[in-house]
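Per the numbering used here, numbering of the sequence shown is gapless, rising by one per residue and ending at 68. Structure first, commentary second.
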Amino acid sequence: MLNLALQYAFQITDAKAVQLNVFNENTLAKQCYEKVGFVERKIDKDVFSYKDELWSRCNMVVSRQSF
Numbered sequence: 002m003l004n005l006a007l008q009y010a011f012q013i014t015d016a017k018a019v020q021l022n023v024f025n026e027n028t029l030a031k032q033c034y035e036k037v038g039f040v041e042r043k044i045d046k047d048v049f050s051y052k053d054e055l056w057s058r059c060n061m062v063v064s065r066q067s068f
């Protein structure tokens, strides 16, 4: 499904890159995104408060050239 979304972004909309944000603690999601070509671009530490925890946000990007 991610591959189809990226194909649409790069072929139909002519996007140069696609980026997303994911909680850094969500390692399974990050691995899924990495499998289709996303790379980690930036981590913002402790930006989301949930109960007594602070979660970090990871920005990931895939370019048309690397896809």
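Glycine included, C-beta positions come from ideal geometry on N, C-alpha and C.
Taking the alpha-carbon positions, what's the Lys17 to Arg65 distance?
Using only the alpha carbons, I get a separation of about 5 Å.
6 Å Cβ shell around Lys46 - same chain, five flanking residues per side excluded
Ser57
For Ile44, collect the residues of the same chain with a Cβ closer than 8 Å to its Cβ; drop the 5 residues on either side in sequence, then sort them by chain order.
Closer than 8 Å at Cβ, skipping near neighbours: Asn25, Ser57, Arg58, Cys59 and Asn60.
DSSP on Asn60, reduced to helix/strand/coil?
strand
Quick one: residues in its chain with C-beta nearer than 6 Å to the C-beta of Leu3, no 5 flanking neighbours on either side, listed in chain order?
Val37
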